[in-house]
Amino acid sequence: MTTVAQAREIIHAASHVHFFTGAGMSADSGLDTFRDARTGLWERVNPQDMASLEAWQRDPEPMWAWYLWRAHLAQKAKPHAGHKAIANLSRTVSVTTQNIDNLHERAGSSDVAHLHGSLFAFRCSSCHLPYPQDIELPNTPVERLSPPLCRNCGGSIRPGVVWFGESLPQDHWQKAEENIRSADAVVIVGTSGSVWPAAGLPTLAHRQGTPIIEISPQRSELTDLATVWMEDTAAQALPKILDL
Ligand code: APR
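Residue numbers (UniProt numbering): 1 to 244.
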């Protein structure tokens, strides 16, 4: 039986399908992943310089410029057929994503847990008050931009993303745990499975015997957990297995 047929069987038998996605889910919408050879963001940018609280406290301007540029790219990107297939699946669907873009929501998915935050949420880096004001996004990459200041305490406004060494948002983590435990099928899409604690979530499903489908063109650190590994891309594989 082909992997497509095996995967379709698993989806067909399920009533609640949980999708656990990473940067590979957004790759087919034109957004770079982190660790793909040559094109990965971390091939070009040192995460310690651009995704750590220490770097922000040392000099927020390069990071502020980089996250606003990424927000511009994410806003320009369009959800692909895979995002839409997830949103239109005629089952109970829940999504946990490590991605900070909003492509799942723009495709129509509503129950999305963002483990690593969002490019489109901003807050004060001192008093943590959300910053709801519109922020103008650059349409060309710039080296430095100075973040606005909090009206409440004067602290610098920061991106609402989780940097290395920071804790994950508890409410989103709890939702992700509940969903991945209660689902009767899990589909892992486009993640290397190399960043914890997020990468530990699929193990919760594996431990309780939930069938797991993985979609990724290369093996990942999670492939051994998969009942079926589809060596394919998100935009190609998801429509093939979800059009029930
Ligand atoms: N379709 C599906 N999967 C793809 C595609 C595609 N078109 N292109 C690449 N992939 C796969 C790669 O093979 C790889 O397994 O997506 C995965 C991307 O892995 P990473 O770049 O490590 O991204 P991710 O797993 O989401 O990283 C996790 O690391 O740096 C942090 O916060 C960042 O959320 C991110 C976390």
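Even for Gly, the Cβ is constructed at its ideal location relative to N, Cα and C.
Since this is a predicted model, take the numbers as computed values, not measurements.
Identity of the residue in the options nearest residue i by Cα
{"i": "E178", "options": "L149, M230, F19, W163", "result": "F19"}
{"i": "R181", "options": "I10, H16, I11", "result": "H16"}
{"i": "S216", "options": "V142, W229, F34", "result": "W229"}
{"i": "E231", "options": "P211, T203, G190", "result": "G190"}
{"i": "W66", "options": "A14, V161, V4, M1", "result": "V161"}
{"i": "L31", "options": "Q218, R70, G193", "result": "R70"}
{"i": "R73", "options": "S26, T97, V186, R158", "result": "According to the sequence as given, residue 73 is Leu; it is not Arg. Nearest of S26, T97, V186, R158 to L73, Cα basis: S26."}
{"i": "R144", "options": "A23, W56, S220, M1", "result": "W56"}
{"i": "A77", "options": "T92, R58, I100, P60", "result": "I100"}
{"i": "G40", "options": "D49, Q48, S29, G24", "result": "G24"}
{"i": "P147", "options": "A37, Q208, I157", "result": "I157"}
{"i": "A14", "options": "Q208, A183, T227, E214", "result": "A183"}
{"i": "V195", "options": "L242, H116, K175", "result": "H116"}
{"i": "K175", "options": "H114, N102, V4, T3", "result": "H114"}
{"i": "N152", "options": "L168, Y131, V142, Q170", "result": "Y131"}
Cut-off 8 Å between Cβ atoms - residues of its own chain near residue i, not counting five sequence neighbours on either side
{"i": "G155", "result": "C124, S125, S126, C127, L149"}
{"i": "P202", "result": "F20, I180, V186, I188, G193, I212, L222, L225"}
{"i": "I10", "result": "A185, P211, I213, T227, V228"}
{"i": "E208", "result": "Just to set this straight, residue 208 is Gln in the shown sequence, not Glu. So the list reads R181, once near-sequence residues are dropped."}
{"i": "L242", "result": "I11, A85, I86, N88, L89"}
Boundaries of the alpha helix (DSSP H) in which residue i is found, first to last residue
{"i": "P79", "result": "Taken as a continuous stretch (DSSP letters only), P79 belongs to no alpha helix (DSSP H), as it is neither H nor E."}
{"i": "M50", "result": "47-50"}
{"i": "S26", "result": "23-27"}
{"i": "S94", "result": "Note, S94: premise wrong, no alpha helix (DSSP H); beta strand (DSSP E) at 92-97."}
{"i": "A55", "result": "53-58"}
{"i": "L238", "result": "234-242"}
Ligand 1 heavy atom lying under 7 Å from the CB of residue i
{"i": "P169", "result": "no"}
{"i": "G24", "result": "yes"}
{"i": "S90", "result": "no"}
{"i": "T233", "result": "yes"}
{"i": "T191", "result": "yes"}
{"i": "V195", "result": "yes"}
{"i": "D28", "result": "yes"}
{"i": "I215", "result": "yes"}
{"i": "Q208", "result": "no"}
{"i": "D36", "result": "yes"}
{"i": "T114", "result": "According to the sequence displayed, residue 114 carries His and not Thr. No, the Cβ of H114 stays beyond 7 Å of every heavy atom of ligand 1."}
{"i": "P202", "result": "no"}
{"i": "G165", "result": "no"}
{"i": "T227", "result": "no"}
{"i": "T2", "result": "no"}
{"i": "G160", "result": "no"}
{"i": "S220", "result": "yes"}
{"i": "T96", "result": "no"}
Residues of its chain near residue i, where Cβ-Cβ distance is below 7 Å and the 5 sequence neighbours each way are ignored
{"i": "E105", "result": "V112"}
{"i": "residue 262", "result": "In the structure as shown, the chain starts at 1 and stops at 244, and residue 262 therefore has no counterpart that could be examined."}
{"i": "W42", "result": "F34, R35"}
{"i": "G165", "result": "S52, L53"}
{"i": "P239", "result": "A81, G82, A85"}
{"i": "Q75", "result": "L137"}
{"i": "P47", "result": "F164"}
{"i": "D49", "result": "A55"}
{"i": "T140", "result": "none"}
Unbroken beta strand (DSSP E) run spanning residue i, endpoints
{"i": "L41", "result": "That residue, L41, is in no beta strand (DSSP E); its alpha helix (DSSP H) goes 41-44."}
{"i": "L119", "result": "117-124"}
{"i": "I213", "result": "212-215"}
{"i": "H114", "result": "112-114"}
{"i": "M1", "result": "Element bounds for M1: n/a, residue is neither H nor E."}
Cβ-based neighbour list, residue i, same chain, cut-off 6 Å, excluding 5 preceding and 5 following
{"i": "P159", "result": "Y67"}
{"i": "G108", "result": "A87"}
{"i": "S94", "result": "H18, D111, N179"}
{"i": "S118", "result": "I100, G160"}
{"i": "P197", "result": "none"}
Residue i at chain B interface by Cβ criterion, 8 Å
{"i": "R44", "result": "This model lacks chain B altogether; it includes just one protein chain."}
Quiz item: What alpha helix (DSSP H) runs, 4 residues minimum, are completely inside the region 143-207?
Solution: 170-182, 201-207, all fully within the region 143-207.
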